[in-house]
Every structure is written in C-alpha cells, then in structure tokens.
Amino acid sequence: MKQIVEGTTKLKVETPKIVSKDMQTFYNPIMKANRDLSILLLNSLSKTNMRIALPLAASGIRGIRFFKELKSNKIKSLSMNDMKPEAIKKIKENLKLNKITSKKILVNLGDANQFLYNNKCFDYIDIDPFGSPNHFLDASLKRILNNGILAVTATDTSALAGSYPTACLRKYQATPKKDHNKHESGLRILIKKCQVVAAQYDKALSPIFSYFKDHYYRIFFKVQKGKTKADKIIKQHKMFNKAGPLWSGQLWDKKLTSLMAKNNQFKELQKFLDTIKEESKINEVGTLNIHSLAEKYKLPKLPKTKLLLETIKEKKHKVAISHIDSVSLKTTIDEKQLVALIKLII
Ligand SMILES: C[S@@+](CC[C@H](N)C(=O)[O-])C[C@H]1O[C@@H](n2cnc3c(N)ncnc32)[C@H](O)[C@@H]1O
39 MKQIVEGTTK
49 LKVETPKIVS
59 KDMQTFYNPI
69 MKANRDLSIL
79 LLNSLSKTNM
89 RIALPLAASG
99 IRGIRFFKEL
109 KSNKIKSLSM
119 NDMKPEAIKK
129 IKENLKLNKI
139 TSKKILVNLG
149 DANQFLYNNK
159 CFDYIDIDPF
169 GSPNHFLDAS
179 LKRILNNGIL
189 AVTATDTSAL
199 AGSYPTACLR
209 KYQATPKKDH
219 NKHESGLRIL
229 IKKCQVVAAQ
239 YDKALSPIFS
249 YFKDHYYRIF
259 FKVQKGKTKA
269 DKIIKQHKMF
279 NKAGPLWSGQ
289 LWDKKLTSLM
299 AKNNQFKELQ
309 KFLDTIKEES
319 KINEVGTLNI
329 HSLAEKYKLP
339 KLPKTKLLLE
349 TIKEKKHKVA
359 ISHIDSVSLK
369 TTIDEKQLVA
379 LIKLII
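First residue of the sequence shown? That's 39 in the working numbering, and the numbers climb one at a time after it.
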C-alpha cells in the first residue's frame with residue numbers, strides 16, 4: 039500500500055506493476071485524465087447544486103477529487119457506492135486522509151443497480167465499469183433527472199472496434215469495422231446503444247463531449263425527456279462504411295468543448311482539448327487517413343500536414359486533425375478531391 043497524490047487528493051492505494059480488476063481496491067493512474075476531464079466538464083457547465091452518483095466508486099478517488107476540485111456551488115450531495123467491502127473501507131480511509139467530514143457525502147456498500155433503484159433521482163451519474171457499461175444503463179437511465187448528465191466509460195474496445203465482431207453484435211447490436219475509423223465507429227456504436235436503451239423510457243441522449251483515449255471510450259450525455267426528442271435521436275442511427283448502425287450526429291457540444299479548452303488547468307490535456315475543439319466544428323462521420331490514401335492511390339510520398347491543412351482550407355473546406363489519430367483528418371472534402379490536392383503539393 040502506498041500513499042500517492044492525484045490532483046490535490048491524497049490516496050492510499052495498491053500500486054501493482056499491472057493494474058487489474060483483481061486488485062483488492064481498484065485504482066488506475068492512467069484514468070487520471072478521465073477524472074480530470076470529468077472535473078473540467080462539470081466545472082464548465084452552468085449546472086449547480088447537483089446530486090451526484092458514483093455507483094462504481096472503487097477507491098473513492100473520483101468522488102474525493104470532485105468534492106475538492108468542483109466549484110463550491112456544484113454539489114448538493116455526492117454518493118459513492120461499490121459492491122466490495124474493501125473498497126468501502128478504503129473510501130472511508132481516503133476521506134479521512136483528506137480530512138473530509140461533510141454531510142453532503144454518502145458512502146454505500148451494495149450492487150450499483152440496487153443503489154440507483156433505491157435512491158431518488160440524480161443530476162449526474164458516472165458509470166465507470168470494468169469493460170462494458172451495459173449492465174448499468176437501465177438503472178442509470180431510470181434514475182437520471184431531466185436535463186441531467188450521464189457519463190459513460192467503456193473499456194471493451196476490442197468488441198466495439200472490431201476485434202470481436204460477434205461480441206459487438208451480441209452486446210451492442212451493431213457490426214463494427216476494423217479499419218482506420220474503427221475507434222470513431224466504436225465510439226458511435228456505444229453512443230447508439232446508450233441512446234436505444236434511453237429511448238425505451240422516452241428519453242433522448244445527446245452527446246455533449248465524447249472521446250477515445252488510451253484504452254477506453256468516454257461519453258457525456260445530456261438527458262432530456264420526451265417522445266419526439268427520443269424519436270429524433272433514433273432517426274440519426276445509420277450505417278457508415280458497413281459499420282453500424284451507429285450514431286451519425288454530433289459527438290460534441292461545440293460551445294462546451296471550446297469552454298473546456300479555455301478553462302483547462304490540466305497542462306497535459308491542453309493539446310488533446312485543442313484538437314477536439316477544432317474537430318467539434320466539423321459535423322462529419324469518420325475521417326480520411328493520409329497513410330491509407332497514400333497506399334491506396336500509390337502516392338510517392340506523404341504531404342506535409344501543415345501545408346495540407348492550409349491547402350484544404352484555401353479550397354473553402356473545413357478540416358481538423360482527429361483526436362483519435364494524428365494522421366487522420368475530419369474534413370468536408372471528399373476522398374478523390376483530397377487525393378488530387380495531395381498530388382498537387384507533394
Ligand atoms: C473500474 S472500477 C471504478 C474506478 C473508479 N470509478 C475510479 O475512477 O477510480 C469499477 C468498480 O466497480 C465495482 N463494481 C463492479 N461491479 C459492481 C456492481 N455490480 N455493483 C457495484 N460495484 C461494482 C468494482 O468493485 C470496482 O471497484
């Protein structure tokens with residue numbers, strides 16, 4: 039057991055060489071960015087006085103960081119739940135270590151779904167499971183308030199990105215495609231899955247900030263009640279390059295994304311946020327990958343990225359580098375036109 043610091047939070051956790059779900063209490067330092075982005079997003083929204091639920095709380099790191107790093111008017115209550123008694127013990131120890139005794143914080147031992155069903159509704163629910171979030175979608179969607187935010191993480195990228203197409207079909211009722219767009223398709227298939235579950239309860243889920251990073255997908259949804267709103271969402275489920283059905287709408291709220299890039303205090307995330315800010319201005323599904331195009335069209339060499347972006351913009355097309363892959367472009371120009379442009383500048 040080691041004492042570490044994440045953000046301004048002290049934490050006593052196991053620090054094994056290999057992070058696995060067999061740890062007594064799970065803590066993954068790589069997911070710091072996931073927690074940083076959640077804090078940044080919640081601080082960038084106008085929502086205040088929120089009832090926050092972390093049904094899969096593990097060491098309590100996310101909850102304690104929320105308590106310490108969210109603006110003072112954000113939290114009405116903060117509930118942390120886990121099914122492991124060791125995790126609950128650790129959450130309590132870590133709260134003490136950080137000298138937190140607030141009555142706003144509630145800690146509960148139990149199954150995540152039972153915890154949600156046994157409680158009143160929440161303004162923010164964060165589903166951060168091992169693998170797929172599927173098991174927790176129903177209860178979360180029953181317990182999220184109108185205009186609330188549902189945050190979903192999925193680490194089963196191998197199914198969603200096409201390494202296991204049968205598993206993707208079974209779990210997400212969609213066909214993945216293992217091409218250069220596999221992670222954007224995977225992200226969009228996951229969005230579609232969450233939206234379909236929500237639509238059953240006449241709820242519309244609109245992604246306000248979505249991304250792929252490291253080994254996981256993450257989506258923040260704004261939740262709105264209404265049959266017509268839910269119908270509008272479902273109409274945007276389409277096939278793309280033989281992958282899907284998947285969400286074909288926006289992955290980000292442009293204004294929020296821009297505010298997050300501006301408000302950001304986590305240095306190591308600035309480039310990532312600036313990339314997404316540019317990408318969020320282009321409402322296109324998928325990207326064009328420069329390496330794949332060079333191979334397909336037998337181009338003698340690759341273009342210089344800066345020059346290529348400038349040339350595309352000169353032709354009055356939108357273009358941005360994908361946050362998923364720095365040699366893939368989100369752009370309004372089509373493949374043939376792009377290849378013609380590349381040939382002109384190499
Ligand atoms: C990936 S960890 C959560 C990490 C945490 N959110 C963080 O930011 O560090 C998943 C946690 O969910 C708990 N868990 C798994 N299935 C559960 C269930 N059905 N009900 C409650 N907790 C569960 C595990 O014990 C584990 O602590």
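No residue lacks a Cβ here, since even glycine has one placed at the ideal position from N, Cα and C.
Just so you know, these numbers come straight off a predicted model, no measurement behind them.
Check: residue i C-beta below 7 angstroms from any heavy atom of ligand 1
i, result
"residue 92", "yes"
"residue 167", "yes"
"residue 60", "no"
"residue 68", "no"
"residue 387", "There is no way to answer for residue 387, as the model of the chain reaches only from 39 to 384."
"residue 73", "yes"
"residue 117", "no"
"residue 330", "no"
"residue 65", "yes"
"residue 181", "no"
"residue 100", "yes"
"residue 189", "no"
"residue 363", "no"
"residue 150", "yes"
"residue 192", "no"
"residue 296", "no"
Identity of the residue in the options nearest residue i by Cα
i, options, result
"residue 387", "282, 50, 177 and 233", "Look at the range of the chain in this structure, 39 to 384, and you will see that residue 387 is not part of it."
"residue 287", "294, 296 and 277", "277"
"residue 362", "312, 384, 372 and 373", "312"
"residue 82", "169, 53 and 107", "107"
"residue 331", "254, 172 and 380", "380"
"residue 262", "152, 366 and 181", "181"
"residue 255", "165, 303 and 317", "165"
"residue 211", "197, 66, 257 and 220", "197"
"residue 59", "153, 114, 155 and 168", "168"
"residue 193", "235, 171, 179 and 230", "171"
"residue 195", "184, 185, 154 and 215", "215"
"residue 224", "244, 282 and 265", "282"
"residue 347", "229, 333 and 364", "364"
"residue 242", "336, 183 and 94", "183"
Status (buried if at least 16 other CB within 10 Å, exposed otherwise) for residue i
i, result
"residue 233", "buried"
"residue 160", "buried"
"residue 117", "buried"
"residue 345", "exposed"
"residue 324", "buried"
"residue 46", "exposed"
"residue 173", "exposed"
"residue 259", "buried"
"residue 73", "buried"
"residue 360", "buried"
"residue 369", "buried"
"residue 66", "buried"
"residue 316", "buried"
"residue 190", "buried"
"residue 383", "exposed"
"residue 271", "buried"
"residue 329", "exposed"
CB of residue i within 8 angstroms of CB of residue j, strictly
i, j, result
"residue 99", "residue 138", "no"
"residue 204", "residue 280", "no"
"residue 162", "residue 90", "yes"
"residue 227", "residue 284", "yes"
"residue 78", "residue 301", "yes"
"residue 63", "residue 130", "no"
"residue 114", "residue 80", "no"
"residue 340", "residue 366", "no"
"residue 185", "residue 153", "no"
Could you tell me which whole alpha helix (DSSP H) segments of length 4 or greater appear in the stretch 267-319? 292-301 and 308-317
Scan the stretch 50-106 and note each continuous alpha helix (DSSP H) run of 4 residues or more that stays entirely inside, going in chain order. 70-82
Taking the runs of the beta strand (DSSP E) that are 3 residues or longer, which of them lie wholly in the stretch 353-383? 357-359 and 366-369
Report the start-end ranges of each beta strand (DSSP E) in the stretch 116-149 that is 3 residues or longer and not cut off at the edges. 143-147
What are the uninterrupted segments assigned as alpha helix (DSSP H) that are 4 or more residues long and contained completely in the stretch 168-220, given in chain order? 172-181, 195-198 and 203-210
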